[in-house]
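Structure first, commentary second.
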Amino acid sequence: MWRCPLCQHPLSQPHPSQQQRSWECPNRHTFDEAKSGYLHLLPVQQKKSKHPGDDKTMVNARRRFHDAKGYAPLMAALVEQIKQQVNTNRPVHLYDAGCGEGSYLGFIANALTGEGYNVEAAGSDIAKHAVDIAAKRYKACRFAVASSVKLPLEDASQHVVLQVFAPGNDAEYQRIIASGGLLITVDPAANHLWAIKQAIYDNPRQHDVQFNDKPGFAKLASERISFTVALEQPDIRQALLEMTPYYWRLPKDKADATFAGINSVEADFAVHIWQRSER
-16 MWRCPLCQHP LSQPHPSQQQ RSWECPNRHT FDEAKSGYLH LLPVQQKKSK HPGDDKTMVN
44 ARRRFHDAKG YAPLMAALVE QIKQQVNTNR PVHLYDAGCG EGSYLGFIAN ALTGEGYNVE
104 AAGSDIAKHA VDIAAKRYKA CRFAVASSVK LPLEDASQHV VLQVFAPGND AEYQRIIASG
164 GLLITVDPAA NHLWAIKQAI YDNPRQHDVQ FNDKPGFAKL ASERISFTVA LEQPDIRQAL
224 LEMTPYYWRL PKDKADATFA GINSVEADFA VHIWQRSER
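So the sequence shown is residues -16 to 262, counted in the working numbering.
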């Protein structure tokens, strides 16, 4: 499944050694698994900073918020969409491009497995800390630190690819998704976290969600998913705030005071499902 980020040849299955497990391509580029089980497939030349991706505070906040099931209705809706489009009579290679700390991939893979699907799940993210904590929790999934615009996957190797609040590359999706496979994108819709935006901005603007055609794909379905997230518990409210950019626009004391009275907020998402055309 994995391919070398340096020469794009397939990486071999890991082989045991005395201290670590290594993956290798035919050109003998070698990549060692971290103790938590992920592969680091982000070459230095693909980094744009010393620590790319979301920082530890935002990643940890997402983990706390998802542990509290803050976006569970969205995750459940994604499972139902996949069940409508994919049969149980063949293995499903599921990939999360921009997986963060792994909550979406872990939830969906577990739910599909419980419904009788034979799921092989994997994900990647550019943030090393996020991938590390994902690999520690979701042992049935494979993870890699990698760029979302240069995915470390073999051609036509995936059946369902998720892009949830993450940057993506349509050309890469064309390359890695097998004929008839699905691309599922999730983006904020017009009213997402509106109460929080109203608390910050004098003239808040709704999200403008625009979707262009994707070469090599046909759109199968679109769905608007909206629900209220209860924020009476301070720890859940704090986790949601810290995982968004809005909280960090203000000094901490002012941010805490500004958001203290927000006891609920609307979650509003636009979900689109695309099918890979025949190659």
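Virtual Cβ for every residue (Gly too), placed ideally from N, Cα, C.
Please read all numbers here as calculations on a predicted model, not as lab measurements.
Proximity winner among the options, relative to residue i (alpha-carbon distances)
{"i": "E84", "options": "V27, A253, D15, K111", "result": "K111"}
{"i": "L233", "options": "K119, Y184, D38", "result": "Y184"}
{"i": "T241", "options": "K122, I179, S107", "result": "I179"}
{"i": "A51", "options": "R220, D108, V144", "result": "R220"}
{"i": "W(-15)", "options": "L214, V128, K237", "result": "V128"}
{"i": "I256", "options": "S19, E63, V114", "result": "E63"}
{"i": "A222", "options": "K39, T96, Y87, Q(-4)", "result": "K39"}
{"i": "A243", "options": "E249, K119, A182, D196", "result": "A182"}
{"i": "W47", "options": "S140, I167, M226, D236", "result": "Trp is not the amino acid found at residue 47; the sequence shown has Arg there. Measuring from the Cα of R47, the nearest candidate turns out to be M226."}
{"i": "G97", "options": "E249, K122, T71, D115", "result": "T71"}
{"i": "S305", "options": "S86, Q141, G151", "result": "In this structure the chain extends from -16 to 262, so residue 305 is not present and cannot be described."}
CA-to-CA distance, residue j to residue i, given in whole angstroms
{"i": "A55", "j": "H49", "result": "8 Å"}
{"i": "Q(-9)", "j": "W177", "result": "43 Å"}
{"i": "V192", "j": "I91", "result": "25 Å"}
{"i": "Q67", "j": "A204", "result": "11 Å"}
{"i": "L224", "j": "C8", "result": "42 Å"}
{"i": "P26", "j": "E215", "result": "43 Å"}
{"i": "A235", "j": "L57", "result": "Note that residue 235 is Lys in the sequence shown, not Ala. Distance between the alpha carbons of K235 and L57: 29 Å."}
Minimum Cβ-Cβ distance from residue i to chain E less than 7 Å
{"i": "G199", "result": "Although the question refers to chain E, the structure presented lacks it and comprises just one protein chain."}
Supposed close pair residue i, residue j - CB separation, criterion 8 Å
{"i": "I159", "j": "V144", "result": "7 Å"}
{"i": "V147", "j": "G81", "result": "7 Å"}
{"i": "A113", "j": "S19", "result": "Incorrect: roughly 12 Å between the Cβ atoms, too far for contact."}
TODO: Give a yes or no on contact between the region 132 to 139 and the region 96 to 104, applying the rule of three or more CB pairs nearer than 8 Å.
DONE: no
Open item on the list: Please give me, in chain order, every unbroken run of the alpha helix (DSSP H) with length at least 4 that falls completely inside the region 118 to 177.
Closed with: 153 to 159
TODO: Could you tell me whether the region 108 to 124 touches the region 166 to 177, using the rule of 3 or more Cβ pairs below 8 Å?
DONE: no
Open item on the list: Count Cβ pairs between the region 198 to 213 and the region 247 to 255 that sit closer than 8 Å; are there 3 or more?
Closed with: yes
Task: Ranges of the alpha helix (DSSP H) found wholly within the region -12 to 70, counting only runs of at least 4 - done: 39 to 50, 55 to 68
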